[in-house]
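Chains as they are written, first to last, in this note's numbering: chain A, 1 to 923; chain B, 1 to 923.
Before any comments, here is the structure.
There are 2 protein chains.
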Amino acid sequence: MASKEKKQYVYFYGFGKEHTEGDSSYRAILGGKGANLAEMANADLPVPPGFTVSTEACAYYSSHNSQYPTGLEKQIKDKLKKLEKLMGKKLGDPADPLLVSVRSGAAVSMPGMMDTVLNLGLTDKSVQGFIKQTGNERAGWDCYRRFIDMFGDVVMGPTSGLTHEDFEHELVAIKNKYGAAEDTDLTAEQLKELVDKYKLVYKSKVKKAFPQDPWEQLNLSIQAVFNSWNSERAAKYRIINKIDGLLGTAVNICTMVFGNLGEDSGTGVAFTRDGASGKAVAMGEYLINAQGEDVVAGIRTPKNLEEMPSEEVNNAIWVKASKELNRIMKKLERHYKYPQDVEFTVQQGQLWMLQTRNAKRTGLAGIRWAVEMATGVDVETGEKLPKLLTAKKALKTITGSDIEQLLFPIFDADEEAKVEPLLNALPAGPGAAVGKIVFNAKDAEALVEANPADELILVRQDTSPEDVGGMWAAKGILTSTGGMTSHAAVVARGWGKCCICGAGSLKIDEAKKEVSVDGKVYKEGDWLSLNGSTGNVYAGQIPTMSSPVVAAMNGKAAEAKKAKKHPIYLMYKEVSDWADQYRSINVRANADSPKDAETARAFGAEGIGLCRTEHMFFEGDRIWDIRSFILAQSEKEREAALKKLLPHQRKDFEGLFKAMAGLPVTVRLLDPPLHEFLPHSEADQVVMAEHMGVDLELVKSRVSELHEANPMLGHRGCRLSITYPELCVMQTRAIIEAACNVAKLKKQVIAEPEIMIPLVGTRAELDLLEAVVRKTAEEVLEKRGMKVDYKVGTMIEIPRAALTADDIAETAEFFSFGTNDLTQMTYGYSRDDIGSFLPDYLEQKVLSVDPFQSLDQTGVGQLVEMGVKKGRSTRPDLKCGICGEHGGDPESVKFCVKTGLNYVSCSPYRVPVARIAAAQAVI
Amino acid sequence: MASKEKKQYVYFYGFGKEHTEGDSSYRAILGGKGANLAEMANADLPVPPGFTVSTEACAYYSSHNSQYPTGLEKQIKDKLKKLEKLMGKKLGDPADPLLVSVRSGAAVSMPGMMDTVLNLGLTDKSVQGFIKQTGNERAGWDCYRRFIDMFGDVVMGPTSGLTHEDFEHELVAIKNKYGAAEDTDLTAEQLKELVDKYKLVYKSKVKKAFPQDPWEQLNLSIQAVFNSWNSERAAKYRIINKIDGLLGTAVNICTMVFGNLGEDSGTGVAFTRDGASGKAVAMGEYLINAQGEDVVAGIRTPKNLEEMPSEEVNNAIWVKASKELNRIMKKLERHYKYPQDVEFTVQQGQLWMLQTRNAKRTGLAGIRWAVEMATGVDVETGEKLPKLLTAKKALKTITGSDIEQLLFPIFDADEEAKVEPLLNALPAGPGAAVGKIVFNAKDAEALVEANPADELILVRQDTSPEDVGGMWAAKGILTSTGGMTSHAAVVARGWGKCCICGAGSLKIDEAKKEVSVDGKVYKEGDWLSLNGSTGNVYAGQIPTMSSPVVAAMNGKAAEAKKAKKHPIYLMYKEVSDWADQYRSINVRANADSPKDAETARAFGAEGIGLCRTEHMFFEGDRIWDIRSFILAQSEKEREAALKKLLPHQRKDFEGLFKAMAGLPVTVRLLDPPLHEFLPHSEADQVVMAEHMGVDLELVKSRVSELHEANPMLGHRGCRLSITYPELCVMQTRAIIEAACNVAKLKKQVIAEPEIMIPLVGTRAELDLLEAVVRKTAEEVLEKRGMKVDYKVGTMIEIPRAALTADDIAETAEFFSFGTNDLTQMTYGYSRDDIGSFLPDYLEQKVLSVDPFQSLDQTGVGQLVEMGVKKGRSTRPDLKCGICGEHGGDPESVKFCVKTGLNYVSCSPYRVPVARIAAAQAVI
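Structure below.
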């Protein structure tokens with residue numbers, strides 16, 4: 001007991017080291033806000049003094065039936081006395097009252113807990129003292145009525161049902177009574193009347209009068225903060241965000257300062273560097289004679305920080321405040337080694353710092369900050385800047401997604417801001433796109449063929465592999481259904497093409513060739529602008545610009561040369577190089593064509609992790625050969641059709657091997673159900689029948705035979721090759737023959753094909769097809785008298801495969817986790833249909849994130865871990881990778897590193913993202 | 001080394017205990033066949049002597065690069081000498097040769113290993129001795145040419161490529177040359193010529209002459225048997241059937257006996273009891289002057305065993321043989337305590353027993369045998385029979401599926417045998433059905449409404465919940481697609497209705513109202529007969545009879561009273577009672593209506609494990625209310641529609657609670673995607689729009705909005721209630737109000753509702769809906785002032801739910817494993833689409849069984865085990881059950897017992913099956 005009584009629960013801060021008991025290392029017990037306030041106070045920055053009740057006190061309170069630990073009340077009262085002494089004011093003093101704010105603050109930023117209470121300490125008596133001291137009667141009554149409102153709502157609301165709306169009702173009434181248009185039109189007298197009304201409202205709900213004892217006010221507020229820690233909202237937030245191990249929330253009691261005491265007072269927010277462009281110039285906004293909330297409320301327009309020294313009234317005060325603020329901001333940035341976002345108030349000429357924290361920024365700004373903090377050189381001007389971090393530490397400050405923002409064409413931000421979006425939907429493919437509406441993939445292809453400069457936006461309910469030609473032809477894709485990993489989204493991201501999905505408010509009438517949104521109708525040929533980074537869709541044209549990184553990789557020689565000097569390219573290069581120094585895992589790309597493979601290699605891919613061979617079947621005339629295969633009535637006819645496809649596939653593989661010379665290339669055998677190669681509309685079926693010289697009924701009957709209730713769970717993947725082994729034979733031949741051919745080129749290419757059997761759920765499937773692959777490969781090699789070092793492995797994308805990975809690894813030489821399908825089956829979510837309930841799930845916090853975007857480490861991840869562990873139990877050197885969309889998601893990449901995968905594979909445009917994420921998982 | 005040399009690898013048997021070294025307890029090292037031969041020899045039965053090379057020798061050979069263990073060759077030669085001495089003949093003796101057969105035989109019956117070689121020991125010289133001894137020149141050359149064929153194909157084939165076809169080619173040539181229609185038309189001289197041809201064929205492929213050294217013949221044969229143990233086919237068979245722990249195969253070398261040496265010789269097969277009806281009378285067939293294969297080959301028609309004493313030629317010999325055979329059969333049955341299936345040969349008046357094994361039988365016969373062996377009373381005649389087993393042991397001899405055969409109407413077997421089936425497909429629903437073809441569920445309903453006596457077979461591509469009315473109206477269902485767990489199959493089995501699925505050869509033209517099979521056309525109104533136990537479909541009408549068990553349960557009083565005296569009912573009762581004594585797990589039923597629940601209880605169900613509430617929505621006018629719900633534009637409209645549904649659901653629940661008074665009733669909240677409640681054809685949509693007085697476009701647009709690419713993975717299950725919590729509210733109200741209502745009945749019913757949230761994949765889903773359920777339930781109970789003991793739990797049917805079961809069990813009070821969906825997602829197989837590849841998978845042994853029929857214990861079972869274990873780690877008293885189709889599959893039930901589930905739940909008609917299986921898992 002004795003030791004408990006001595007335990008320190010309350011920590012003072014303010015006016016230098018002498019008075020301050022914590023610092024930023026006390027985050028766990030003072031919370032983020034409390035620790036930062038202490039840190040600033042230690043650094044002699046002008047922080048209004050106060051004290052923090054620790055998270056340990058909250059933990060005791062939570063686990064002891066809402067009782068304070070012994071001694072806490074005394075400790076609070078002692079610190080309050082110290083504060084009163086330091087400030088020369090007393091809480092509730094009728095002559096010169098101390099006012100304080102009360103705020104919650106855990107070690108991790110956590111919405112869902114108690115809001116702030118300001119102006120605590122005002123009572124019917126002390127308000128008079130406040131007025132006397134400030135000489136501002138209106139401010140006095142305004143502060144008081146705000147305090148009653150906040151205290152009633154925030155502190156007493158959870159138990160009494162009292163809400164802000166109850167007070168708002170009175171405010172509206174009094175404004176009507178006096179014909180006041182705005183709150184600010186109310187006079188001191190009218191506000192005083194309002195205070196009386198507020199007290200009545202309070203009493204009617206709380207069944208007690210508004211407390212006139214400031215200690216009671218403070219004590220109730222602290223308890224309310226503690227209670228809010230275990231509120232349903234906060235508890236749920238912690239479960240969803242997997243926040244555990246925290247003791248509770250701290251409570252910060254801070255001396256109030258006032259920016260609304262006249263023309264020598266003001267308040268504002270500032271950033272030490274530009275959070276949008278990343279430029280190393282301070283930015284910010286402020287308002288004279290205002291309180292904090294007024295800056296954000298938008299009733300008055302704030303001024304830019306740079307105007308402060310030019311204020312006409314009290315110029316000397318503002319010049320001094322501006323200088324002081326700039327000095328402090330530089331100090332903070334050096335101190336925290338990161339650009340800061342600060343709140344400040346000037347009370348009658350005295351500058352006070354209310355908060356500092358690491359600043360938010362765009363991806364571009366994040367990269368620029370990292371590079372400039374590490375190199376100490378301004379990327380644009382070449383001027384010297386303070387060197388704040390090592391490259392390794394700078395790398396930690398950015399994310400994979402930051403670098404992605406360097407890669408895509410973007411809208412001119414100013415131009416975009418001028419236009420109101422038509423709708424907002426899922427940002428499924430990055431960048432910006434502007435084009436004329438087209439409703440049909442074929443039309444898009446035809447239009448671009450006729451006029452290659454034509455800029456189109458393909459607008460469809462959803463897309464299928466049949467549409468890829470038109471999707472490629474279009475600048476951007478907009479669909480009304482489907483989620484972040486629908487066909488449209490995956491294909492678009494693979495190409496780095498702008499795509500917005502799941503725009504449910506679109507009513508598409510393909511027959512009429514028009515689309516309506518909220519009654520507004522857009523026809524074929526009308527212009528749309530898509531922001532794939534935000535999901536905003538605009539009517540009309542917004543100007544775009546292309547990324548220097550992409551221009552450097554893909555552009556013509558002159559363009560590339562120029563782009564390579566552009567600061568954006570140089571920053572990209574810098575951080576990518578840092579990443580490659582640290583990462584322990586390979587990064588490969590998913591690429592289906594030689595062109596994709598070249599792009600991927602330019603972005604740093606170390607091999608191909610997934611080549612989806614079916615995409616090769618849609619190009620040019622090949623579709624007719626695969627259709628012949630599908631219509632064939634005998635194995636002989638099927639083989640004849642495949643014979644025609646063979647040289648095309650072989651040529652593609654030669655191109656892939658050349659592009660990836662010396663690096664592994666994983667080729668997945670045919671995966672989608674066969675009906676994806678057949679047309680579904682009667683008109684297209686007629687065209688097909690005519691083109692192939694077959695009976696329309698044959699086409700129709702085959703389409704109907706191949707129809708499946710759930711194609712995702714149907715006749716696809718290795719199941720196709722088990723029914724039609726000749727498919728597997730043809731594809732293996734194409735791969736091995738291509739490897740032989742490139743080995744004989746003048747400039748010899750050593751291919752490293754990894755032949756991947758998809759959708760394996762049982763070892764028997766793999767055994768059967770591995771035998772077919774090896775037999776075919778050996779026949780080719782024997783005939784050619786050559787050797788090719790090829791591997792045979794499998795996708796792990798069926799839960800059962802992960803569960804029986806030990807057995808499967810006896811045959812498989814490598815595993816590639818297909819986490820798209822694995823997520824579909826582990827959750828039972830169809831990627832194409834998740835759009836119908838995902839919004840509800842995210843809104844109601846059933847899911848914190850779309851599991852197709854970021855790997856579900858708890859469930860799906862458990863299967864991945866199991867697959868790796870079991871697989872390596874029977875084959876210790878089993879090569880494991882991931883080739884789902886998750887391979888490009890930073891959090892997922894970190895999981896892959898932790899799980900011991902050998903590589904991640906993602907779309908070419910996400911290779912830079914994955915490189916960064918892989919490095920960050922290690923450093 | 002010394003001890004190894006002494007190890008016994010070869011075991012002699014024949015002519016009593018004196019000469020016999022093994023018995024049936026040596027199964028592991030002598031194999032099943034060898035051990036049984038030794039057992040018979042020990043019992044002084046006339047077994048042609050021989051010896052068995054042990055499985056241990058095979059194991060050594062397999063693991064030592066195909067080398068015999070030291071001493072094996074000598075041991076074989078020693079036993080051969082002993083055999084020669086005992087038989088007074090020598091292998092290869094030109095004067096009087098001993099001939100032997102060589103057969104493989106592991107401890108577990110295992111196809112895929114080496115076939116039999118007969119007549120070993122014949123050479124160019126010894127064939128003369130054989131002819132001299134038997135006086136039958138033709139037999140000599142015929143045996144010799146058969147031996148060359150078998151030896152060439154079976155022993156030398158695997159290494160040389162020589163096959164039976166190579167010999168067959170010569171046989172055809174010589175038959176053509178001499179104008180012989182049948183093999184038997186060839187003379188001794190011609191057969192001798194054929195032997196020469198065969199030897200040439202042999203030499204050309206094997207590159208060596210046919211061996212004339214009988215020891216070489218024997219040695220090569222033994223090695224070939226050993227090699228066959230590791231053949232691809234055999235190894236695969238063992239993997240698929242999970243046979244491990246075996247040492248290898250034994251090799252049986254048996255003295256040949258000949259049933260083809262004249263009218264005093266013959267051969268046959270016999271059963272100690274009737275394997276079809278189960279009657280305790282011996283049955284069998286034989287042929288005079290014939291070899292074993294002739295009986296099964298079907299070239300000559302065998303005679304019934306009872307005719308044997310009436311043979312005219314050599315009557316005394318046959319009277320004696322018949323007596324002796326009957327005596328031996330009785331002895332064998334008593335010895336093995338089970339009806340036997342024997343092979344015998346009479347060689348020149350001497351009876352030899354070549355094999356005995358437990359007889360195969362139908363389910364009916366199996367049950368009858370068990371009951372009669374345990375009670376010692378003939379169930380039909382009341383006569384005394386030998387009491388062979390205790391009830392417990394008798395129970396072990398039957399399977400759950402056996403008892404199922406007692407429950408369904410069946411064809412008169414004799415009548416069925418007269419008709420050739422049209423086609424054979426998947427036997428998806430049991431029993432027999434006869435009716436007129438109808439192509440449309442609505443037509444079926446209308447026809448039966450007009451004439452309740454109308455007997456119909458519903459023929460469709462597949463069925464959907466919309467079709468249930470018509471399915472109920474029809475006597476049987478025949479579909480061209482879908483597997484054993486397609487909608488049609490599951491619904492039909494639930495009702496105990498005959499159903500055949502996946503009849504791919506049916507070409508249905510619904511518009512023309514006709515179906516063709518192999519070009520034969522059947523129109524609406526034509527008769528079909530379906531055997532749901534075999535999958536046979538017949539044109540025309542085959543007479544059926546109904547099951548006395550069902551009549552006893554469900555029939556009208558008089559009929560039931562009569563049925564309860566029927567032997568089939570009495571047998572059912574007997575074995576069910578046995579089972580209930582032993583089983584440790586509860587058996588519940590899946591039932592969706594009060595009527596189903598009553599049936600289930602009559603069959604012994606101890607509660608309802610799954611009530612699929614959606615089935616209630618299709619009855620009568622309710623479909624219009626749920627459609628109103630779906631078309632509604634606001635929550636208010638939706639609630640209005642639900643308000644109409646509420647009383648219907650409540651009434652159903654009252655019925656269920658009454659039928660299951662005192663037993664738990666698990667009610668699953670709405671599960672299927674909403675589009676299942678809307679019509680898909682335009683014509684039906686027009687009807688719907690008119691009936692509901694809404695715009696056709698509204699109906700169409702809602703159908704199109706609800707369309708999903710993969711409905712199985714779409715907006716269904718708990719996802720519906722998260723979007724529309726009012727659904728969950730209505731269903732909960734109906735359940736709790738029903739429980740209140742039945743508690744107030746004069747004859748009070750204590751309901752035990754278990755409210756089950758389907759398709760949960762994350763704890764957050766369950767938390768959200770559990771809160772809605774509890775809030776609603778408490779509101780109802782408070783209003784009524786009553787208490788109801790209800791539970792809230794979840795289906796575990798999504799792999800992720802099993803993986804995170806520890807978390808989910810914090811909220812769930814019970815788990816019900818929905819192994820249908822769990823299998824779909826664990827394998828990635830759609831039940832509705834598996835028909836397109838399952839046949840290939842079964843044929844190629846990728847799967848040994850449809851995983852929807854019998855639970856995949858390796859993969860899906862792993863998730864079930866994990867779910868139970870993890871769930872009970874956070875809630876030790878978690879009640880766990882299974883409610884998929886597997887709940888009625890005997891093997892799966894055993895798995896459930898092993899895994900520690902509290903109950904299994906299956907369709908009412910499978911409850912008796914599950915009771916038996918549950919008992920067998922324990923005994």
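Every residue gets a Cβ at the ideal spot worked out from N, C-alpha and C, and that includes glycine.
Only a predicted model underlies this, so the values are computations on that prediction, with no experimental measurement involved.
Residue i classed as buried or exposed, judged by whether at least 16 other C-beta atoms fall within 10 angstroms
| i | result |
| --- | --- |
| A/Lys894 | buried |
| B/Asn42 | buried |
| A/Val195 | buried |
| B/Asn304 | exposed |
| A/Gly382 | exposed |
| B/His487 | buried |
| B/Pro48 | buried |
Within-8 angstroms CB hit, residue i to chain B
| i | result |
| --- | --- |
| A/Gly871 | no |
| A/Ile722 | yes |
| A/Gln827 | Residue identity differs from the one stated: residue 827 of chain A is Tyr in this sequence, not Gln. By this cut-off, A/Tyr827 is an interface position. |
| A/Gln348 | no |
| A/Gly662 | no |
| A/Lys845 | yes |
In DSSP terms, what residue i is bridged to
| i | result |
| --- | --- |
| B/Lys791 | B/Glu754 |
| B/Glu445 | DSSP lists no partner for B/Glu445. |
| B/Asn304 | B/Glu285 |
| B/Glu514 | B/Asp509 and B/Lys523 |
| B/Lys879 | B/Phe814 |
Proximity test, Cβ basis, 8 angstroms: residue i and chain A
| i | result |
| --- | --- |
| B/Thr804 | yes |
Can you pull out the residues from the region 698-711 of chain B whose beta carbon lies closer than 7 angstroms to at least one beta carbon of chain A?
Legend: CB atoms of the region 698-711 of chain B lying less than 7 angstroms from CB atoms of chain A belong to residues Glu708, Ala709, Asn710 and Pro711.
When you check each C-beta in the region 763-792 of chain B against every C-beta of chain A, which residues fall closer than 9 angstroms?
Within the region 763-792 of chain B, the qualifying residues are Arg763, Ala764, Glu765, Asp767 and Leu768.
For the region 889-910 of chain A, enumerate the residues whose C-beta is nearer than 9 angstroms to any C-beta of chain B, in chain order.
Listed by position along the chain: nothing, the set is empty.
Of the residues that make up the region 808-826 of chain B, which ones have a beta carbon closer than 8 angstroms to any beta carbon in chain A?
Answer in chain order: Asp821, Gln824, Met825 and Thr826.
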